[in-house]
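Under the working numbering, the sequence shown has 40 at position 40, and the numbering climbs by one with no breaks.
Contents: one structure, followed by commentary.
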Amino acid sequence: MTTPPTSGPALTCPRCRATGIQTLANSPVQGVWTVYGCKTCFYTWRSTEPAENTDPEKYPRHSG
Ligand SMILES: [Zn+2]
Numbered sequence: 001m002t003t004p005p006t007s008g009p010a011l012t013c014p015r016c017r018a019t020g021i022q023t024l025a026n027s028p029v030q031g032v033w034t035v036y037g038c039k040t041c042f043y044t045w046r047s048t049e050p051a052e053n054t055d056p057e058k059y060p061r062h063s064g
């Protein structure tokens with residue numbers, strides 16, 4: 001069980017690495033999860049998703 005940090009780090013879009021990230025929704029119980037949305041490519045993800053979906057360093061590339 002990991003607890004998300006209370007002080008939000010600088011969020012970066014895992015897909016396009018833009019930093020214009022907005023919070024779209026929060027869990028009914030505060031701090032359980034947060035839905036983020038990228039204003040650049042409209043990718044959305046939940047804070048509880050695996051790193052492949054939330055971390056730019058681990059997001060699968062589809063280059064080529
Ligand atoms: Zn994006």
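Built from N, CA and C at the ideal position, the CB exists for glycine as well.
By the 10 Å Cβ neighbour count, where 16 or more other Cβ atoms means buried, how is P14 classified, buried or exposed? As a position in the sequence shown, residue 14 is number 14, starting the count at 1. Its Cβ being crowded by 16 or more others within 10 Å, P14 is buried.
Please report the residue range of the beta strand (DSSP E) in which T44 lies. In the sequence shown, counting from the first residue as 1, residue 44 sits at position 44. From DSSP, the beta strand (DSSP E) with T44 extends over T44 to R46.
Beta-carbon of R46 versus every beta-carbon of chain B: anything under 8 angstroms? Going by chain labels, chain B is absent from the structure shown, which holds only one protein chain.
What residues are listed by DSSP as bridge partners for T23? Counting from 1 along the sequence shown, the entry for residue 23 is found at position 23. Paired residues: Y36.
Assumed close pair A25, V35 - CB separation to whole angstroms, cut-off 8 angstroms: Walking along the sequence shown from the start, residue 25 turns up at place 25. Walking along the sequence shown from the start, residue 35 turns up at place 35. Between V35 and A25 the Cβ distance is about 4 angstroms, and since that is below 8 angstroms, they are a contact.
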